[in-house]
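Throughout the sequence shown, residue numbering follows our numbering, covering 17 to 348 in sequence.
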Amino acid sequence: MQRRTLIRQTLVTGTALLATAFATLPAAAQGGWPTAKPITYVVPFPPGGNTDTLARLIAPALATALGTPVIIDNRAGAGGSVGSASVARAPADGYTIMGGTISSHSINVSLYTNPIGYDPVKSFAPVAMLGSGPLVLAVPASSPHKTLDDVLAASKAKSGGLTSASPGIGTSPHMAMELLAHQTGVKFTHVPYRGSGPAVQDLLGGQVDMMFDTSLIVGPHIQTGRLRPIAVTSSKRLEALPDVPTIAEAGQRGFDMGSWQAVFAPAGTPQPIVDRLHAEIMKIVATPEVQARLKGFGMVPSTMTPAELGEYQKAEVAKWAEVIKAAGIKAE
Numbered sequence: 017m018q019r020r021t022l023i024r025q026t027l028v029t030g031t032a033l034l035a036t037a038f039a040t041l042p043a044a045a046q047g048g049w050p051t052a053k054p055i056t057y058v059v060p061f062p063p064g065g066n067t068d069t070l071a072r073l074i075a076p077a078l079a080t081a082l083g084t085p086v087i088i089d090n091r092a093g094a095g096g097s098v099g100s101a102s103v104a105r106a107p108a109d110g111y112t113i114m115g116g117t118i119s120s121h122s123i124n125v126s127l128y129t130n131p132i133g134y135d136p137v138k139s140f141a142p143v144a145m146l147g148s149g150p151l152v153l154a155v156p157a158s159s160p161h162k163t164l165d166d167v168l169a170a171s172k173a174k175s176g177g178l179t180s181a182s183p184g185i186g187t188s189p190h191m192a193m194e195l196l197a198h199q200t201g202v203k204f205t206h207v208p209y210r211g212s213g214p215a216v217q218d219l220l221g222g223q224v225d226m227m228f229d230t231s232l233i234v235g236p237h238i239q240t241g242r243l244r245p246i247a248v249t250s251s252k253r254l255e256a257l258p259d260v261p262t263i264a265e266a267g268q269r270g271f272d273m274g275s276w277q278a279v280f281a282p283a284g285t286p287q288p289i290v291d292r293l294h295a296e297i298m299k300i301v302a303t304p305e306v307q308a309r310l311k312g313f314g315m316v317p318s319t320m321t322p323a324e325l326g327e328y329q330k331a332e333v334a335k336w337a338e339v340i341k342a343a344g345i346k347a348e
């Protein structure tokens with residue numbers, strides 16, 4: 017009798033331990049993710065920009081692949097910091113993801129005077145790099161400058177340096193100018209605008225000397241002959257501008273910069289969920305529609321793994337911290 021009681025107790029205890037262990041497994045390991053619960057895809061910028069456009073391309077296809085709704089939530093502010101901070105605080109259960117950029121996930125942490133509410137590396141789980149695109153350094157067609165050497169020499173000779181327009185403090189066009197200044201020791205005068213639209217209009221009018229921006233912004237004006245491309249910021253030439261050298265080819269070895277778009281989840285999101293999200297998003301990025309849209313933005317689609325994205329992001333944070341500190345740039 018005692019033996020039977022002992023066996024029964026052992027079986028009950030063992031069953032309870034197995035149930036407890038199973039309950040603590042990640043949802044993905046239990047096969048419980050995703051359920052019919054919607055996934056929120058946070059875009060930390062206003063509607064209409066590149067990050068928002070890509071999210072709206074990816075969300076419907078991702079919803080179909082996962083069998084659950086994917087809802088876009090625009091939470092703009094402070095160069096992407098407001099929306100990013102909200103995702104950093106969200107449950108790490110696979111039901112919140114976000115579109116992150118060079119600004120929100122590498123530049124802002126060093127740029128803003130006040131704490132931004134998250135660590136760009138520690139607060140997130142890298143999911144997928146969507147693509148990265150070089151910027152184009154352009155001058156008005158009436159400018160005497162035809163090469164990067166011309167631009168650097170003219171900026172050295174001018175008090176305060178040549179004026180360089182950008183869509184705002186801390187944007188990738190601004191940071192490209194600062195990186196060039198940092199690597200060459202040549203000074204420029206930054207002229208920030210509220211967006212690329214007014215900046216490029218003043219460049220066309222000759223009110224400013226030069227400007228870095230995407231081929232989406234400056235490309236049409238290069239095609240009409242109103243702007244002259246000087247160089248591109250990536251390590252390889254831009255497919256749309258095959259005759260335009262890279263800044264590295266033009267003499268600044270090691271110069272390499274791209275404005276990138278990626279997907280992140282809150283830190284601690286179970287790896288099986290991250291892996292599933294990565295696999296499905298990469299399938300979507302490989303579709304002709306998304307490939308065409310990325311190339312239309314002047315971006316090269318990426319095949320980075322989550323681990324590779326994480327390492328790349330760490331390097332980006334360190335690079336821009338050095339540039340921002342050297343330039344003494346701060347934003348409120």
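We put the beta carbon where it would ideally sit given N, CA and C, even for glycine.
Only a predicted model underlies this, so the values are computations on that prediction, with no experimental measurement involved.
Subject >> Whole-angstrom distance between V59 and D89, CA atom to CA atom >> reply: 6 Å
Subject >> Unbroken alpha helix (DSSP H) run spanning Q277, endpoints >> reply: No alpha helix (DSSP H) holds Q277; the beta strand (DSSP E) holding it covers 275–282.
Original post:
Does DSSP put T303 in a helix, in a strand, or in coil?
Top reply: In the structure shown, T303 falls within a coil segment according to DSSP collapsed to helix, strand and coil.
Original post:
Secondary structure at S148, three-state DSSP: helix, strand or coil?
Top reply: strand
Original post:
What's the gap between the Cα of Q217 and the Cα of S231?
Top reply: 15 Å
**OP:** Pull up the distance between the alpha-carbon of V339 and that of R253, whole angstroms please.
**Re:** 24 Å
Original post:
Start and end of the beta strand (DSSP E) containing R244?
Top reply: 243–248
Subject >> Any 3 or more C-beta pairs closer than 8 Å across the stretch 140–158 and the stretch 276–289 >> reply: yes
Original post:
Okay, do the stretch 258–269 and the stretch 161–174 touch, 3+ Cβ pairs below 8 Å being the bar?
Top reply: yes
Original post:
According to the Cβ coordinates, are F228 and L151 closer than 7 Å?
Top reply: Yes, the Cβ-Cβ distance between F228 and L151 is below 7 Å.
Original post:
Residues in its own chain within less than 6 Å of S175 by CB, not counting five upstream and five downstream?
Top reply: If we look at S175 and ignore the five residues flanking it on each side, it has no Cβ neighbours.
**OP:** Return the bridge partner residues of Y57 from the DSSP annotation.
**Re:** I88, I113
Subject >> Residues that DSSP places opposite H294 in a beta bridge >> reply: Beta-bridge pairing links H294 to no other residue.
Original post:
How is T230 classed by DSSP in three states: helix, strand or coil?
Top reply: coil
**OP:** Pull up the CB-CB distance for A278 and M145, whole angstroms please, since I reckon it's below 8 Å.
**Re:** 5 Å
Subject >> For I289 and Q46, the rounded distance between their alpha carbons >> reply: The predicted model places Q46 with a pLDDT of 43, which falls under 50 and marks its position as unreliable; any figure quoted below should be read in that light. For Q46 and I289, the distance between alpha carbons rounds to 11 Å.
**OP:** Report the rounded CA-to-CA distance for T80 versus G110, giving the unit in angstroms.
**Re:** Whole-angstrom Cα-Cα distance: 16 Å.
**OP:** Compare the C-alpha of R242 against each of K172, T249, V234 and name the closest.
**Re:** V234
**OP:** Take P85 and list the residues in its own chain whose beta-carbon comes closer than 6 Å to its own, dropping the five residues that flank it on each side.
**Re:** P54, A79
**OP:** Identify every residue that forms a DSSP beta bridge with T262.
**Re:** V248
Original post:
From this set, Y209, I185, G213, K172, which residue's C-alpha is nearest A197's C-alpha?
Top reply: K172
Original post:
Using the C-alpha atoms, what's the distance from V316 back to T179?
Top reply: 29 Å
Original post:
Can you name the residues that DSSP bridges to F313?
Top reply: None; F313 has no bridge partner.
Subject >> Residues bridged to H206 [DSSP beta-bridge criterion] >> reply: S180
**OP:** Compare the beta carbon distance of T249 and I238 with 7 Å and say whether it is the shorter of the two.
**Re:** no
Subject >> Status (buried if at least 16 other CB within 10 Å, exposed otherwise) for S158 >> reply: exposed
**OP:** From the DSSP output, read off the bridge partner residues of A192.
**Re:** A192 pairs with nothing; no bridge assigned.
**OP:** Could you tell me which of R72, A77, A94 sits nearest to N130, measuring between CA atoms?
**Re:** N130 has its Cα closest to that of A94, out of R72, A77, A94.
Original post:
Pick from W276, S102, V207: whose alpha carbon is nearest that of T319?
Top reply: The residue with the shortest Cα to Cα distance from T319 is W276.
Subject >> E332 burial status per 10 Å Cβ neighbour count (16 or more: buried) >> reply: buried
Subject >> Proximity to I362 [Cα-Cα], best of R91, V260, Q329, L70 >> reply: Outside the displayed span of the chain (17 to 348) sits residue 362, for which this structure offers no information.
**OP:** Have a look at A347 and V125 and give me their C-alpha separation to the nearest angstrom.
**Re:** Whole-angstrom Cα-Cα distance: 11 Å.
Original post:
Do L188 and I300 have their CB atoms nearer than 7 Å?
Top reply: Looking at the sequence provided, one finds Ser at residue 188 rather than Leu. No, they are not a contact pair.
Subject >> Alpha-carbon to alpha-carbon, P261 and L220 >> reply: 22 Å
**OP:** In the DSSP assignment, find the unbroken alpha helix (DSSP H) run with S97 in it and report its ends.
**Re:** In the DSSP annotation of this structure, the continuous segment of the alpha helix (DSSP H) that includes S97 starts and ends at 97–104.
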